[in-house]
Every structure is written in structure tokens, then in C-alpha cells.
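Chains as they are written, first to last, in the working numbering: chain C, 1 to 199; chain G, 1001 to 1459; chain V, 2001 to 2574.
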Amino acid sequence: MGLHLALVAAAFLAAWTPVPAADPAPSPRVDVGVIGWSQGADDGALCSPAVDPPEYYAIPLVPTRQVMGTGQAVGVAHTTFGSSPFGVTLAADGSYRLTLHIRVDHLPSPPQGRFVAWATTPSVEEVVRVGTLDGAGAVSGPVEWNKFLVVITLEPDGEEGETGWRGPIVLRGMSRSGMMHTMAGHGPFEQQECAAFGY
Amino acid sequence: MMRSRNRPAPRLSFALALLFAGVWSAAPAESQGYPAWTPTAPGSPNIEVVSHLPLGPRLGVADIELEQEMSRPYAYVARMQYGDDGPKGMDIVDLSDESNPEVIYRWRIENQELHQRTGGMDVKYFKLDGRYYVVQSLQFGQGGPNSDMGAVVLDVTGLPDASTVREVARIRAPETPGGFHNIFIYRHSNGGVYLFTTVSGPGANVYDMGRVVSGDVENALVANIPVPESAEGAGGARGYHDFYVAWHPDTGTDRFYGGGTGGYYVYDVTNLQEPQILVTLTGINGVRYGHTFTPSPDGRYVVAETEYQYAPLRIFDLQPALDGQVTNVSRPISAWTADWQNLVHNHEIRWPYVFVSGYLDGLQIFTLMDPAKPITVAYYQTYIGSPNVDRTPQFQGAFGVDVRNADGLIVISDMSTGFWAFRMEGFQGWDGTNWGMPNVSSAQDWDAAEMPGPVRWRE
Amino acid sequence: MRRIRVLRAAGLFGLLALAAPSGALPLAAQDPHAGHDMHAGHALSGGWLMPPMDPNMPMLPGLDGAVPPATAWLPHFDLDLSDFPLAEPSRAVTLAHGDTLELLVSPVRRTIRGREYLMYGYNNQYPGPFIRAERGSTVVIRVRNEIRFPTTVHWHGIRLDSRFDGVPGLSQPPIEPGESFTYEVHVPDAGMFWYHPHVREDIQQDLGLYGNLLVIPADGGEGEPVHREELLALDDLLMTEAGDLIPYGLETPVNALMGRYGTVMLANGVADHRIEADRGEVIRFHLTNVANARPFNVRFGEERIKLIGTDVGAYERESWVSSVPISPAERYTVDVRFSQAGTVAITNTIQAVDHFRGVFYPHVDTLAIVTVREAPATPDRAGAFEELRVRDDVVREIDAYREHFDREPDHRITTLLRVNDLPSAIVLSMEADTFYVQPIEWNDSMPMMNWLSSGTQVTWILEDEGTGERNEGIHWSFRQGDVVKIRVFNEPRGFHPMQHPIHIHGQRFLVVARDGIPQENLAWKDTAVVPVGSTMDLLVEMSNPGDWMMHCHIAEHLSAGMHFHFRVEGREGR
């Protein structure tokens, strides 16, 4: 069993070996439906391809097309509960304590700077740095909010911002809970899109 | 055979107009006037394109407002993202050279990529104590920043020097997240300038703009115009979609004309704290939720729009209700449509003309010289393309319209093709008195030394 | 990370702001719906009373005055309160091997927040008698039923003889009113268990029929680094603001969509439970969630919490936790050291959802108050409290099962919901509501819609992915000694999905993975919650022959069909 898993893991790793940015061919390895492979994650890192995060709470990451060459990038952030002896993992205030598993494909290697993932409250009043995307476009890290945004930015080299991004936003996504809108604006009271065209 | 999008086969048009308008005993919906447009002849011969200024991505433009003073040739264009791209804010277009308009200022919400939903929707300007302000209504969803923000107020007194534009206030409505879909600015007979806003809740909010620009935005919400309790679905819905407020010369009162839950309503808002319902327009065949609702200058006739496909504009005569004979009006006296397949959006009345931003039908102008028989007098296709396939099909093309009374300049904001300016042959401006009407329109007389009254308007 | 929380005033124009408490409320003010009882005192047809609603939530069109499609019922509709004795707090009883306890199931008079109610009790106590027994012993419980409903007693979590498991129609006939049944309860595992009826739990358990059974190791469990132990049975009762109990559905449960979330929180059957402690005292709390549906997230003020064990014994490793999320029927054992004199509120600290406004808001219920005296506790156990022990015995026992952790599931269960004949306003509203469903419903934000749904309109489903069979159509069979992996998936894309605390009778299991992620610190359990959208892998040791039930432990979900049974053949073909 152990050898079998190791072979599977090796196959996944090989399949996701990053392609140099200079390679103009589209990467055949892209599969955003598959959980991101993460190495050295902060909390609850996905170290097994068997990890099966809830698709319902998956966060599509949508490019802003503000950064040249990133318009075709596709990404997804999955969430799993942080490690806990309980059936659900909570922060002290009752918020869910989650691990974000971010995976972005079709991102070119930038000539300078790094792609960094952030999580922020919807009001952008609080920001946490999830981490720098690795060569496979993946990173994992904890988040302790029930509603939040995921932001991928292109940060300048040598500027280790921890409290907020400085570079342009390349992709962004909204936690599923962001779709929870006032029912005064939809549902039985009014037929209206709720979160359809924000981006 | 190419079918006219502007003039459908008469029999089908007639039958569908009857079916959807429900005006069984009244005149059918009208759209007659000129031959069909073609890509090489997109407008009627009496329309001159003064200028056209593309503004950016498809489905990126919302409403428009034109300042009325000739010395301030500025148009304000709301910027939204209804498509895949687009800014969220407002553009200021300088029309000093009408044939070469120029965007001289762009207001954008910060972190606009992170904001949910459309962004800028309606836009209005006002003048107070000698300064000019523009109010940009905003709609942001709850998944992102500023879902409680309804509008931003900018001081634009220093135009054309764009560097002098400054943000004065942000109006928030945390009780009703989702922003303001529509706004209207009115100089009330009490001397105050008030912003009426739609909210995701019952009624319309009323803000005292004097308080807003003086920094007391926290206490600026001074009134709420309700939807009658009897309205179907009232209580939790976005009570109103759109409204208009005007001086009613015959009675010397301020009147609110709102379209929303269940139909349309006319309130006396002379005392804003105690709005009095005057007329209801409910039980209209085919109308569940009203949209734009605008009276004639004397308040007798109203043009009522519903944002449903196939729905025409309906024209109602309120006189029986104003005379006290009835309290509810449910049967229109006539109806008008540009193309039975589509729907029209906003409109501005400069009696007898009604200037329409008709979505896929572009600019449309019809006359209510005989209110029972509206007739199309001019048009211009600002959007020559297909209906949407990735969004609601008909929500494409001419979104907003405005008219400058001083010289008759007509402006259109097209969701995809941007800013347009037109002139109509024979329409060099508008003053209601020239048409035997009070000089009442959406254009406010900010500088009137005295507030209007019945005598003044009848002079 | 600097965290700024901005609580914006809630409430539609002209209406009251929605209370969003950020700290523990005084016990007297803990009713989360205080001031919101829009229909208080308004008798609806058939004797129904409407649950309190947030005034910001408008009445759905067509639902004003609506009542559930069931007969409203409360004990005092049939009986006179004054005919019954005032119930007493639970008393402990230690039973040696072979001892017999007489257990009377009867109406009782209870006082809650100063008002008397006619409820149910075991031996006229609330909760029922706290039974202590030694691991490996067999005790006899003779139950007599004096309530109007048939009843049984289910010995939750105990791997006993299936004839005494208390499932009517499967392990025994129901105990009809006026009749008796004798249970022989063999207790092979140490741990904190509990007992409750397995007939219309939504009524009987909610009215007070529950109690704990502590099984102690043969050595008496000496040497634990605590000064004393406390039970905390957590419950909630659904009342109007005026304090009237909301009736139950007589023929079928109401609140069938979410289960009956109460408005008044109870600890050990009272709304003002108080505990006294000395400074530095280490108390071992045994938490049991006896509520019909509500999960709690329990905090002990700012005091540190050491997690020791759960349903069927200790964790492999003791660990520090910031709170204890506990679903219906789960138990957790924690040690808490009260480090400073003063008062400590034991709270339910959650992020509640206001679906109408589309927001989360912090909400705190006070469950109990601990008064900590200045006097220091003796002996000083601070040092031992700081120590996190590894339970080698538990690790060794679980080691025997690790080879099964990674294998493919033997069975896959999906949870679903089907509804019929619900008012269209509810269906429309629920569909809008399900733009987002959170993993766990910590509160009932739409109590009217929930209340109007009955067991005749709602069917909660456990579907066997392998066969397509559902609920009692599922027939699993195992042999004693089988180790079976069951994957439970909570389907999120249906109509109003919700978490399900899954209980397996007569066996014990390990939760070896959640969402594919291996669990790191294990303990034997009998009940585990599967959040919406998640998968949960249970490794079940089929050690106990007989016919057993697997079901959701939300009482109304169980009544609405969410159960099936399976057979474990004994090695001797029993």
C-alpha cells in the first residue's frame, strides 16, 4: 500500500513539474478540478493526492487581466478544515479555521517579482499573507474568517510585505459565503442576480 | 427579407401589443414613424449625430446625466461592470467642443477588482450654495468591499480643471446592503436639496444633501417614502426601482412618482416626514413591478415603464384620480414600443416629446402631442449588434438618456458603445411654457430665488 | 495580523437594530430572541404558538397565520400541572455488577427561569439519575413507562446486547404506557455515555428524558490530575419570549428541516446553572449535547481547555483546544483549571448567520457560571494540568487498526433531502437561502420556515451509493470482527443541506479521515458530525453481534426517515 501511494505521489509530482515560462506551448498538466499540490504548507498541508476537499466551497480564482500575460491564468482555492480533534475546526470566536489550498495554472514566470497569495476580509480591512506561489503555482495556508476574498498579486522582488499587497492584483476569488446576500434583494422578494457579475 | 427591428410587421406588432399591454380598449402600442434602420443608415433623417465617444469594454456603461447650464458643458457617465470587464465608478465627459467630447476625469472605487456586482449605476448632479456636486449611485455585493455603500458625492465646481474634483462624502446604508440602484435629485419647495434613493428594503430613502456636503452624512437620512402596505410583496423587497419628484403647479405641492412593488405610486411629499399617498396604479395587466415612472409637466399624464421583455411603455391619465373620482388607475390610455421583441429602459419627458434610451433600440423619441396616440418621431441605433448571450439578452445598448433644455442637446449612454450626443431637427431646446405646460422637467432650477408656486407656473 | 471587527448596526429602516452581542450576556438576558417575539400572546389556530422571529425578517407572503400541518401538543394539554411533583436535580447512583435500578418514566413539574412547566423525567429528576458503573459489569435497569407515548431507553454508545439497545421494532417492542421493560446493560468500555428514549426523541428527549452513564475503569480511574468532575448536559428549549413552550407536532415532528433549535439554553436542565470552584481548581467536565439539533461551541471564558476524551474513551494524546464544538449526542471530556478568582462564563460562542441580511454575526449564549473563590485549591495541580499526556494504551489499541486507514471505503453513504407539499414561499426562500450553506448551522435563522415543515413533508435520506437504496431500504450485513470503512458524504447541492451527527449503535468507530485528510489524534467514538459538503471516513469495528441502527442524531431528521439498520452476525452464528 505504501509503495503504491508513493508511486502515485511520484506520478503526480512528475505531472506537475513546472514548465519554463519561455515555453510557448500551453501546459497539458492543467487541471483545476484537482486539488492543488502543496509542499511545505503551513497548516494541514495536502500531502496526499487522496485529499478530497469540498467542491461546494471551492473558490474560483478569476484573472483581472491587469498584468500582461496573466489573462489566461486559471486558478482555484480549495478549503479544508484545519487540523482538529473535532468534526469541525473553529477559532476562538466561532469562525471556521480553514486551510486554503491555492492552485493557479497558466501563470507565466514573471521577469521580475513573485506571485503572492493573500486572504482578506470582504471589507479589505484585514489582510493575511498566505504565501508565495511555488513553481507549480500552489500554496497553502490558514485563514480564520467565515467570509473572505483570495487575492493573488505580483509583488516586487525584495519587498516582503506581510500586511498587505503592493503589486497589481492578478487573480481574485470570493469565498462561497460571499454569495450569501440579503434576501431583500433576491429570493422570493425580487428576482435579481446576487453575486453574478462582480467579476 | 430583412425584418425591421424598429418597425415590426404591423399585424404581429398590433396583436402582441394588445396581448402584453392589456390595453384592450385603448390605442395599440405605437412605433410608426420612419423606415427601418440599416447598419449604414442607423438613424432617422431628422437625427444628427453630434459626437460619439467609445468608453471601453462591452457592457461597461450605465446611466448618464447632463448639466443644464451652457457654461458647464459636462456629462457624467456611470461606469459599471456588467460584462467580463469594465471599471466601477464614473467618467466626466467635457463637451466644450461638442463634436469632440473628451473624458477629463475618472472616479473609480479603490480595489475595484475586489468589488462585487456592477458598481456605478445612476448618476445625478446638483448645485447648492454656489457649488456643483455630482452623486454617483453605487451597487456592490456583500461578498466584497463596500456592500453598504450607496453613493459617492463629488464636488465638481472647479471643472474643467479636473484636479479640483474632490470626494465630499460616501453615503452608506448598512441597514439595506446592496447600494442604491437608482437616485433622483430634487430641489424641494422647502428650499432643501434631497437625494431620493432606491434601497434593498421597503420604501425609498431620502437624504438631505445640505447635510451631506456639510459633513453631517450620519444624520442626512431624513425620510423614507414607503410603498403602500397594500402593495403585493411590500415589506422586504426593494420597494421602488425608480422614481421622479416634481413640483405640481396646480396644487402647489411636491410630488413623488415611484415605480416598484406592485406598480406605481404618487405621493405628496411636501412634508417629507409625512408622505401622503395620492394615487396608486396597481392591478395593471402585465405589471408586477414598476420601473421608470415620469409625469407630464402638469402631472396629469404619466409614462410608465416595466423592465420586462415585450412590455411597451404605458401612458396613463391620472386626471380621474387627481379629481378624486378614483384612487387607483389600472388601465392605460395608450402604449408605445420601439420593437415588440425588446423593451425600452429609461426616458426623459420634454413635453410633448419623450426621449427614450431603448436598450437594443438605441435612442428613440416619440411624441405625446395626442397622449392617446404616441408616435415615433426620431431614432438612432447606438448599438448595432446582437442581444446578449451571456447575460440577460435585452440588457444591452442604450441605457441612459438626458436632454439639455437650453439647447436641446440629447445624450445617450450606451452600455457597450459609450457616449453619444445628438440633435433632433426642430428641437432647439425646451421650455414647457412654449408648449402650454409648466416648465417642469427633471432639470431643476437650482438658482431660483423663490421656490416655485402655482401662480408662478401659470404666468 | 491586526484584526478589526466592525459591527455595523443591523435592521431595516425604521426597525430595531439586530442585537449582535460580542460578549457573554448575563444569564437573565440570554434569550437571543428577547424583544423579537412578534407573535407572542397571539394564539394561532389549533393551539399553535409561533417561534420567536427576528423582527427584521419580514413575514413571507402568504404565511401570516400559517401553522404546521400537525396537531399541536404539549403535556399540559392533557394533564394538570398541579397533579405532578416538582422534579429534583439529578442524583448520582453507583451500581455494582448485578445491581438493579428502577427507572420511572413519568410527567414531572419543572421550574425554568421561575416558571413551572409540565415536562418528562426519569425518576422525577432532571437530568435523569447519573449512573456510575464499573467497566465490565452488567447492571439491570427496570423501566416503567407512565407517559402517554410508547417509549424505550437507548443506552447511547454502549456496546451492549442488542436486545437491550432500545430501538423499537428492531431490538425490542416499545414500552407501552403503563408497561415495563427490563434492560441488562453490560458496559465493556470506559467512557461517558448517556441514555435517552428512541421513540419520538423530538418530544420525549426534549422534555427532559436523558441522563448520563459513566463507566469507570476497573481501577476506579484514580490518578487523574483533577480535583473533581462535573457533568454538563447541554440542551435548549424552544419558547416564546413570554416563556410559553412551543408545542410539538403530535402525529409527526415539526421543525423537520433543521430540527428544533431552542431559544433558552439549559445546562443540566436549568437556565442558570452555577458551579463553584476554588482558585486553581482543575475540574474535569464531561460535556454531553442532549439537544434535539443544536450544536454548541463551548468555551470556558479565557481559561485553557485540555481535551481528554470523547464518546468511548480517551484520545491518543491530550491536547489544548480553544473551544469544544459538540454536536447532538456527542460527548467530550475536558479539564479546565480556573486560574483566577472571579466568575467565568461557560458559553456557546458562535458566528451566527442572519440569512435575511446575508451576514455572519458573533453570538454568545451563557450556559453556566463558574464562581471562583479566592481560596486556593489543594493540592496544587497546576503542574499536572500543564502536562499533556500520551495515552499509550489508546495508541496501542488503535495501532491494530491503522492498516485499514488508507484503504478504499467498503460502503459510501450520501446524505440528501427531499421535500413535498411545503408552502411555495418556503421553497422559494430556501432556494435563495442555499446560494450559500455553511458547513454547520449554529443557529436557526429562519425559525418560521423551519417550524412550518413537518415530518410528512420532509424526508431526510441516507443513500447507499453502491446500491442506490435509501434509509430502511439499505440492508448491510457484516460478520463479527469485520473492520468496515464507511465514507459519509454530505451532499451540498440539494435543497437546504445541513450537517448530520451520524450515530452508529452497538459498535465503536474511529474517524480516520475528513475530506480525505487523515485525522491525527484519534479516539473511539459512536457519534460524529459530517459538515455540509464534507466527507467523513469511519472505520467501524463490527465487534458486537446483533441488529443495529445507523442514523442522524438530529431528532427530527431521525423521525423524518434518516436511518437504516444493519446486522452483525456473531462468530457463533448468533
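Each residue gets a CB set at the ideal place from its N, CA and C atoms; glycine is no exception.
Look at P156/C: its C-beta is not under 8 Å from any C-beta on chain V. The DSSP assignment places 2305-2310, 2313-2321 and 2324-2326 as complete runs of the beta strand (DSSP E) inside the region 2298-2331 of chain V, in order along the chain (cut-off: 3 residues). For D2515/V, the nearest CB of chain C lies under 8 Å from its own CB, placing it at the interface with that chain.
Across the set G1089/G, R1072/G and P1073/G, the C-alpha of G1089/G shows the shortest separation from the C-alpha of M1080/G.
F1196/G sits in a strand when the DSSP states are folded into three classes.
V1156/G sits away from I1104/G, with the two beta carbons spaced by 8 Å or more.
By the neighbour-count definition (other C-beta atoms within 10 Å, threshold 16), H2411/V is a buried residue. Excluding its 5 nearest sequence neighbours in each direction, G2262/V has C-beta neighbours in its own chain below 6 Å: D2236, L2237 and L2238, listed in chain order. Within chain G, no C-beta atom comes nearer than 8 Å to that of G2065/V; the closest sits roughly 15 Å away. In the structure shown, the three-state DSSP call for W2524/V is coil. Between the C-alpha atoms of R2331/V and G2098/V there is a straight-line separation of about 26 Å. Around the C-beta of F2077/V, fewer than 16 other C-beta atoms lie within 10 Å, and the residue is accordingly described as exposed. In the same chain as L1128/G, and ignoring 5 residues on each side of it, the C-beta atoms closer than 7 Å to its own belong to V1193, M1209, G1210 and V1213, in chain order. With contacts defined as CB atoms closer than 8 Å, A2066/V and P2247/V fail to qualify as a contacting pair.
Here DSSP, grouped into helix, strand and coil, assigns N2471/V to helix. The way I'd put it, the region 2350-2360 of chain V does touch the region 2426-2443 of chain V; three or more beta-carbon pairs between them come closer than 8 Å.
For the pair M1415/G and F1427/G, the CB atoms are not nearer than the 8 Å cut-off.
Here the C-alpha atom of M2119/V lies approximately 14 Å from the C-alpha atom of R2113/V. In this chain, the alpha helix (DSSP H) harbouring A2384/V covers A2382 to E2386. Annotated as distal: E2229/V and H2273/V, with beta-carbon spacing of 8 Å or more. DSSP places M1209/G in no beta strand (DSSP E) but in the uninterrupted alpha helix (DSSP H) bounded by M1209 to V1213. By the rule that beta-carbons nearer than 8 Å mark a contact, I2440/V touches chain C. Measuring C-alpha to C-alpha distances from E1167/G to each of L1195/G, L1138/G, G1144/G and Y1133/G identifies Y1133/G as the nearest. Using a Cβ-Cβ distance cut-off of 8 Å, the region 2125-2141 of chain V and the region 2180-2189 of chain V are in contact, since at least three pairs of beta carbons, one from each stretch, lie closer than that value. A direct Cα-to-Cα measurement between S123/C and W2548/V gives close to 51 Å.
Around the beta-carbon of M2192/V, 16 or more other beta-carbon atoms lie within 10 Å, marking it buried. In the three-state reduction of the DSSP assignment, P2075/V falls in the helix class. In this structure, Q1309/G sits near L1343/G, with a CB-CB distance shorter than 8 Å.
Counting along the chain, no beta strand (DSSP E) covers D1361/G, and no H or E run does either. Here M2446/V is buried, its C-beta having at least 16 other C-beta atoms within 10 Å.
By the C-beta criterion, the region 2390-2406 of chain V is judged not to be in contact with the region 137-153 of chain C, since fewer than 3 inter-stretch pairs fall below 8 Å. In this structure, DSSP gives V1165/G a state outside helix and strand, which the three-state scheme calls coil. The three-state secondary structure of D2244/V, taken from DSSP, is coil. Shown in chain order are the members of the region 2328-2361 of chain V whose Cβ falls below 8 Å from a Cβ of chain G: F2356, R2357, G2358 and V2359.
Within 10 angstroms of the beta-carbon of T2343/V lie fewer than 16 other beta-carbons, which makes it exposed.
Look at the beta carbons and you see the region 87-98 of chain C not touching the region 1108-1128 of chain G: under three pairs across the two are nearer than 8 Å.
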